[in-house]
Each structure stands twice: as C-alpha cells, then as structure tokens.
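To start, the structure itself, in structure tokens.
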Amino acid sequence: MGEMAKKIIKLDLDELLKVLNEAYAEEWLAYYQYWLGAKLAYGPERPSVVKEFEEHAGEELKHADWLANRILQLGGTPALSPEDWGRLARCRYMPPKVTDVQTLVKENLASERCAVERYQRLCEMTEGKDYETFRISRKILKEELEHEQEMEDFEADFKN
Numbered sequence: 013m014g015e016m017a018k019k020i021i022k023l024d025l026d027e028l029l030k031v032l033n034e035a036y037a038e039e040w041l042a043y044y045q046y047w048l049g050a051k052l053a054y055g056p057e058r059p060s061v062v063k064e065f066e067e068h069a070g071e072e073l074k075h076a077d078w079l080a081n082r083i084l085q086l087g088g089t090p091a092l093s094p095e096d097w098g099r100l101a102r103c104r105y106m107p108p109k110v111t112d113v114q115t116l117v118k119e120n121l122a123s124e125r126c127a128v129e130r131y132q133r134l135c136e137m138t139e140g141k142d143y144e145t146f147r148i149s150r151k152i153l154k155e156e157l158e159h160e161q162e163m164e165d166f167e168a169d170f171k172n
C-alpha cells in the first residue's frame, strides 16, 4: 500500500483487513450456495429461480473479486482456502438438505439478510475514514439489498 494511502485511512488497518476477509469469505460461500442451488433446485417456478440464482452467483463472485483486490491494495492477503472461508464467515453457508425452490429461496433470503447487515456495518465503519473501502462496500450493499428483495418477491409469488 502506498504511503499516502496509509495516511488517509483513519482506521485500524489490521481490524479493517480482518473484516474485509470475513466479507470475502462470505461472498465465496454465497457464490457456492447460489451456484449449487441452481444445479439442485426443483419444483414450481424452477426456471425463473434457477435463472436468478445463476445471476446472483455471478454477482457474489464479482463481490469476492472486488474485496480481494481491496485486501491486496491494503497490503493484506485474502483468505487462501475454502476451509478459511468457513472459519472466517459470520454469514454461514447452509448446505442444502432439501432442494425444492421454496426452501432454497428461504435459505438464500436468510443469507442475503446477513450480508445486508455485514455491508451496512462495513459502510458505517469506513464512512469518512476509508473512502475506497466505503465506495466498494456501498456498491455491494446496494446489490445485496436487491438480492434480498428478489428473494422476498419469490416468497410472495409462492404464497399466491
């Protein structure tokens, strides 16, 4: 990390890297949860749910990429193995035991709500203190809020 970059960050760098690595791990797990759900899903609305899961999987992977790049810019190292992801993540991966679309949507909705909380806290932590991490976190938060709404919309459709 450049000298000026270090000077303008008004946060404990080790703590920031810890939180970013937790978020990075969660994005990998979210990617896998959506990707696998798209492969295993069955039931009514399957085609539209699978399409949405595939789209979300791609977006979660993109978030992991943004976070990895930021971790590296700050002089840190992204979590190096899937074992680390499970250990670091606070938003837990839920292995699908039942793969009907309603159950998968419910599980993904819970994961999205956890992600919204994660990025809301990260935005609060970095606002006015680390502009680049704040920008990235705000962009991810916006997409996670959209994901939550899309999962809620599916749940509403299932009830009708």
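So the sequence shown is residues 13 to 172, counted in the working numbering. We put the beta carbon where it would ideally sit given N, CA and C, even for glycine.
Where the alpha helix (DSSP H) through residue i begins and ends
{"i": "TYR46", "result": "25-52"}
{"i": "ALA168", "result": "143-171"}
{"i": "LEU100", "result": "94-100"}
{"i": "ILE21", "result": "Careful: ILE21 lies outside any alpha helix (DSSP H) and carries neither H nor E."}
Residues that residue i bridges to, as DSSP identifies them
{"i": "LEU112", "result": "Correcting the residue identity first, residue 112 is Asp in this sequence and not Leu. Paired residues: TYR54."}
With 16 other Cβ atoms within 10 Å as the buried cut-off, status of residue i
{"i": "TYR43", "result": "buried"}
{"i": "MET163", "result": "buried"}
{"i": "ILE83", "result": "buried"}
{"i": "VAL110", "result": "exposed"}
{"i": "PRO94", "result": "exposed"}
{"i": "TYR36", "result": "buried"}
{"i": "ARG120", "result": "The amino acid occupying residue 120 in the given sequence is Asn; Arg does not appear at that position. Classification for ASN120: buried."}
Rounded straight-line distance, which links the Cα of residue j to that of residue i
{"i": "ILE148", "j": "THR138", "result": "10 Å"}
{"i": "TYR54", "j": "LYS22", "result": "49 Å"}
{"i": "GLU66", "j": "ARG133", "result": "27 Å"}
{"i": "ALA17", "j": "LYS30", "result": "18 Å"}
{"i": "ALA76", "j": "LEU52", "result": "23 Å"}
Legend entry - Cβ contact (3+ pairs, closer than 8 Å) linking the segment 99-117 and the segment 67-84: no
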